[in-house]
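S.K.: Heads up: the sequence shown is residues 610 to 988, going by this note's numbering.
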Amino acid sequence: MIGEHPIKQLLSDTQAHWDHDGTPAHIRDTFWKIINCGTGALGAEVYASELESKLVFHTCKSRFCTSCGQRATEAWQQDLEAVLPDIPYVGITLTLPMEFRIILQQNRHILHGIPAMGAEAVQQWAWARYGVRLIISVVQQTFGGRLNFAPHLHIMVSAGGLRESPARWIHRIQYDRRELMLAWRYAVGAFLSEAFKKGVLKSDLSSKEFLDLLGAQHRREWNIFISRPGSKAYRLKHDGRYIRRPPVAQHRLARVGIDRVEYLAKDTRNKRPVLVQYKNEEFVDILAQHVPHRYGHAMRYFGLLAPRCKARLWGVLFVLLNQQQRPHPLRLPWRWLRIKTFGIDPLLDSQGQLMHWSGRQEPSSASRAAVRKQNEELT
Ligand SMILES: [Zn+2]
């Protein structure tokens, strides 16, 4: 049985398992918002005509929510499509050794610094090799194909770079896998060793064990992947859809019975999908470890896209490329989206009169308790 919102349903069914003080607040809030996405509990905009009024409920905006996550992905693609210059781009995937995952899991706060570290490694390499600045956007993912905790970075980077004096666009950069791996490995190693020295790293390891671990990982090859250059449209459509996708695509999850789910996992080794069964609570625990902290932006910009660089050089870049800058696209407001998708204007009342915005209904503080009560009554 595949429900329309399998995750919503699953979270609602397992509320007793996660909705308590033992769950970190950001996870609890996210789950709670997903359950209540598009209901009065999150508040609403009020529209009214002379005769009728209508509530348009707020949505949760979480990447985990099947509808909100999908919408966010599309908006992101349209935005980059408009704003980035029309040149070839390269996809770079930076992974971390398995052996570091426990440390990262125990120190979630340092995950936040990893996208900048990856971007910096790539940018510094390009600067040393070609003397150029790159266009860099980074998406951090914490999950692998089986939803295991496997933090890694997907970097979309311009296939060329900007040299400043004299101003010139260097069209073809040969991204060197080995050299980039060394730069990335060095950056991560230096960061972890610094953090450990300063005592801001929680770890069960002794000082010697930690240094041995760092040393061992510093001597081995890390997995990094570099794609061939592709057009902007190609990269955004193919990689973009893949990298910015919600962690759990709707078609991958199915409820089986009342206490189990079936998840169509990607087996990265055999490149084949595998069906894995979990108890409801087990699957919710897996989801919980991928809920980003409030400050965690899924998409980050560096190099020529970093605010200070962008202000100074973005115009120059377009002149050199002989291209026109385009503005950020307007987000299609929900009303026009409905008209486009369903052919019905949601703001017409039953008499065909247009309803206008007339106020906002705040999220009710009582509603959280009410939902809990409702659930208790159901069970
Ligand atoms: Zn939502």
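Backbone N, C-alpha and C define an ideal beta-carbon position, used for all residues, glycine too.
By DSSP, does Y910 sit in helix, in strand, or in coil?
M.R.: Here residue 910 is taken as the residue at index 301 of the sequence shown, counted from 1. It is a strand residue.
S.K.: Go to E654, then tell me how far its beta strand (DSSP E) extends in each direction, as first and last residue.
M.R.: On the sequence shown, residue 654 is found 45 positions in, with the first residue counted as 1. Its beta strand (DSSP E) spans residues A653 to A657.
S.K.: Here's a check: name, in chain order, each residue in its chain whose Cβ is nearer than 6 Å to the Cβ of C646, leaving out the five neighbours to either side.
M.R.: For the purposes of this step, residue 646 is identified with residue 37 of the sequence shown, where counting begins at 1. For C646, the CB contacts under 6 Å within the same chain, skipping 5 residues up- and downstream, are T668, C669 and C674 in chain order.
S.K.: Flag T682 as yes when its Cβ comes closer than 7 Å to any non-hydrogen atom of ligand 1, and as no otherwise.
M.R.: Looking up residue 682 in the sequence shown gives position 73. T682: no, Cβ never under 7 Å from ligand 1.
S.K.: When every heavy atom of ligand 1 is checked, does at least one fall within less than 7 Å of the C-beta of T668?
M.R.: In the sequence shown, residue 668 corresponds to position 59, counting from 1. True, at least one ligand heavy atom lies under 7 Å from that Cβ.
S.K.: For M964, which three-state DSSP category applies?
M.R.: By one-based count along the sequence shown, residue 964 stands at place 355. The answer is coil: DSSP assigns M964 none of H, G, I, E or B.
S.K.: Here's the rule I'm using: 16 or more other beta-carbon atoms within 10 Å means buried, otherwise exposed. How should M765 be labelled?
M.R.: Locating residue 765 in the sequence shown gives position 156, counting from the first residue. M765 comes out buried.
S.K.: When DSSP builds the beta bridges, which residues end up paired with L874?
M.R.: The residue you call residue 874 lines up with position 265 of the sequence shown. Sequence inspection shows Ala at residue 874; the Leu mentioned does not correspond to that position. A874 pairs with V883.
S.K.: If you drop the 5 nearest sequence neighbours on each side, which residues of the same chain put their C-beta closer than 6 Å to that of I611?
M.R.: Position 2 of the sequence shown, counting from 1, holds the residue named residue 611. Its pLDDT being 42, under 50, I611 is placed unreliably by the model, and the measurement read from it follows with that caveat. Within the same chain, I611 has close Cβ partners A863.
S.K.: Whose C-beta lies closer than 8 Å to the C-beta of L929 among residues of the same chain, with five residues either side of it excluded?
M.R.: Sequence index remark: in the sequence shown, residue 929 carries index 320 (1-based). The answer, listed in chain order, is L771, A776, R777 and W778.
S.K.: Quick one: Cα of T623 to Cα of L939, how far?
M.R.: The count along the sequence shown starts at 1 and reaches residue 623 at position 14. The count along the sequence shown starts at 1 and reaches residue 939 at position 330. About 38 Å.
S.K.: In whole angstroms, what separates the C-alpha of A915 from that of V747?
M.R.: Within the sequence shown, residue 915 is the residue found at index 306, counting from 1. Within the sequence shown, residue 747 is the residue found at index 138, counting from 1. Approximately 12 Å between the Cα atoms of the pair.
S.K.: Closer than 7 Å: is that where the CB of C918 sits relative to any heavy atom of ligand 1?
M.R.: Mapped onto the sequence shown, residue 918 falls at position 309. Result no, Cβ not under 7 Å from ligand 1.
S.K.: What does S746 pair with, by DSSP beta-bridge criteria?
M.R.: Residue numbering aside, residue 746 sits at position 137 when the sequence shown is read from its first letter. M765 and Y910.
S.K.: Closer than 8 Å is the cut-off here; do at least three beta carbon pairs connect the stretch 831 to 842 with the stretch 789 to 807?
M.R.: yes
S.K.: Out of Q898, E708 and P697, state which residue places its alpha-carbon closest to the alpha-carbon of I745.
M.R.: Here residue 745 refers to the residue found at position 136 when the sequence shown is read from its first residue. When each option's Cα is compared against that of I745, the closest is P697.
S.K.: Is it the case that the Cβ atoms of I835 and R786 are separated by a distance below 8 Å?
M.R.: Within the sequence shown, residue 835 is the residue found at index 226, counting from 1. Within the sequence shown, residue 786 is the residue found at index 177, counting from 1. Yes, the Cβ-Cβ distance between I835 and R786 is below 8 Å.
S.K.: When the Cα atoms are used, what is the spatial distance from A653 to G968?
M.R.: Within the sequence shown, numbered from 1, the residue matching residue 653 stands at position 44. Within the sequence shown, numbered from 1, the residue matching residue 968 stands at position 359. Their Cα atoms are separated by approximately 9 Å.
S.K.: Answer with buried or exposed for L703, where buried requires no fewer than 16 other C-beta atoms within 10 angstroms of its C-beta.
M.R.: Within the sequence shown, numbered from 1, the residue matching residue 703 stands at position 94. Per the 10 Å Cβ criterion, buried.
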